[in-house]
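This report concerns only the one structure given below.
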Amino acid sequence: MSSRISEARKIVYVNDHHALLSKLLLKAEKSPDSLERMLAVTRLVLTFISQIVKPGKRSQDIPTVVLGEHYLSHREMGEELHRGDHTRSYLQELCAYDPVEAPIRPRTYYDEGHSEVATCTVRVIPRACAKLRREGILLGGTGQSYIEIAMEGQGKIRYPRHDEEYEFELPSVILNDPLAGKCTIDLDGVVEIDCQATGLRTELKFKPWRGEYVKGEVKSLLGSGMQTVAHIEGHWDADVSVHSVTGDATGVVFSTSEDPPKLQIPPMINLADPGPQTIRRLWVSILESILYCEQQNMTGSSAKKLNEVVTSISSLLRKSLMYEVPENPQGRSAVPVSGKGDEPGSQLATALDNRPIPPVCKIQRGMGRFLTYQLFYSVQTISFQALEREKSILPTNSRVPQQSS
């Protein structure tokens with residue numbers, strides 16, 4: 000992450016993944032027609048997906064399982080991006096068990112001189128399941144174990160000026176051979192990006208174990224049924240191209256070169272020592288979901304192999320849990336099973352789970368709650384007068400405050 004300071008207005012410019020996503024969100028809003036906006040939104044979604052598997056750069060980006068976290072900040076984006084107005088992205092990231100926890104909308108979002116031009120929200124609950132690769136089974140072996148983390152939920156992008164809303168999903172994250180020191184990461188599933196206002200839909204198919212391959216189409220749902228207007232193909236760890244159906248137009252819809260440094264090839268992680276991750280708070284919820292990993296229904300040696308993965312995972316993640324099991328010489332559960340505030344059902348689930356997991360995680364899971372990840376951006380233009388008002392209320396020689404994530 001880098002930053003620079005505009006001496007004229009004492010504003011800090013931070014260049015990180017939040018700034019990049021905010022700029023892509025704004026660039027899509029400025030696209031002149033609906034097809035270009037759909038392709039620009041597709042670029043934004045592919046960028047976000049690639050950042051899920053991208054390592055972070057700082058020690059504070061190491062994910063550790065927490066009870067909850069709510070991060071609020073903003074990114075300055077300058078004057079050159081939107082008709083000469085200064086632009087700013089207000090952002091929030093949440094990672095919490097509370098099902099009603101959601102981004103707040105402070106008054107400052109709507110002060111005089113502020114105009115909202117784009118928003119993006121993401122809300123997902125990771126769900127982990129241990130599985131075996133079918134290719135190995137067909138070859139006569141027990142197959143290679145992997146963990147599939149399904150991202151249940153969706154994202155929404157809204158552009159008020161165009162009266163358009165785009166809904167999208169995220170692919171599943173594949174962790175190959177999760178107990179190994181070098182666990183390669185892949186993506187699987189179909190991602191759809193829908194815009195009812197324009198009748199356009201992008202379909203992206205991520206195929207694991209195919210060299211980070213992605214293929215898709217842009218379709219029109221208006222007029223005479225569903226028609227393909229463009230083809231998309233490439234590798235999400237490098238470049239993804241788009242071609243018109245007539246073949247007279249081609250271009251790059253996504254490139255990792257826009258967000259240096261490049262991804263590690265192949266992307267990988269050590270679950271015992273995950274290291275910094277670009278989207279740290281999402282990885283917090285992913286790691287917590289792995290603690291409660293389900294198991295694919297299988298029999299014989301295949302079931303035994305999967306059971307080994309599931310039973311070994313909690314001790315493997317002890318560094319991310321930052322928790323040591325208290326000594327319990329009587330052999331009873333080291334976790335309290337009653338107390339004020341516990342909801343019905345949580346005591347039994349907590350008592351039966353004797354794994355080395357923090358009691359707060361057990362209690363929340365016993366209440367039927369899941370560690371949910373949420374992201375919110377509000378990109379706004381700010382008039383010169385509003386910026387001057389901000390400057391006038393700041394102390395001498397100060398600058399507009401801005402946190403880093």
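Under numbering that gives the first Met the number 0, the residue at position 109 of the sequence shown is numbered 108, and the numbers go up by one with no gaps.
Where a beta carbon is used, it is the ideal one built from N, C-alpha and C, also for glycine.
{"Check": "If P54 sits next to G210, beta carbons under 8 Å apart, how far is it from one beta carbon to the other, in whole angstroms?", "Outcome": "Not confirmed; about 20 Å, so no contact."}
{"Check": "Mark G365 as exposed unless 16 or more other C-beta atoms lie within 10 angstroms of its C-beta, in which case mark it buried.", "Outcome": "buried"}
{"Check": "Rounded to the nearest angstrom, what separates R280 and T371 at their Cα positions?", "Outcome": "10 Å"}
{"Check": "I need the DSSP call for P31, collapsed to helix, strand or coil.", "Outcome": "coil"}
{"Check": "Between M225 and the rest of its own chain, which residues show a CB-CB distance below 6 Å, the 5 nearest in sequence each way excluded?", "Outcome": "K218"}
{"Check": "Give the DSSP-derived three-state secondary structure of G338 in the structure shown.", "Outcome": "Only weak support exists for where G338 lies, its pLDDT of 38 falling under 50; the value from the coordinates is given anyway. In the structure shown, G338 sits in coil (DSSP, three-state: anything other than H, G, I, E or B)."}
{"Check": "For a test of the three-state rule: what should DSSP assign to K204, helix, strand or coil?", "Outcome": "strand"}
{"Check": "Quick one: using the 10 Å Cβ neighbour count with 16 as the cut-off for buried, is K56 buried or exposed?", "Outcome": "exposed"}
{"Check": "Assuming M76 and S88 make a contact with CB atoms under 8 Å, what is their CB distance in whole Å?", "Outcome": "6 Å"}
{"Check": "In terms of DSSP beta bridges, what is P54 paired with?", "Outcome": "Q276"}
{"Check": "Alpha carbon to alpha carbon, how far is Y165 from T120?", "Outcome": "10 Å"}
{"Check": "By how many angstroms is the C-alpha of Y158 removed from the C-alpha of E115?", "Outcome": "9 Å"}
{"Check": "Contact between the stretch 37-46 and the stretch 240-257: three or more CB pairs below 8 Å?", "Outcome": "yes"}
{"Check": "Per DSSP, L320 forms a beta bridge with which residues?", "Outcome": "Paired residue(s): none; L320 is not in a bridge."}
{"Check": "At which residues does the alpha helix (DSSP H) containing A302 begin and terminate?", "Outcome": "G299 to L315"}
{"Check": "With S284 and P125 assumed to form a contact (beta carbons below 8 Å), what rounded beta-carbon distance in angstroms separates them?", "Outcome": "5 Å"}
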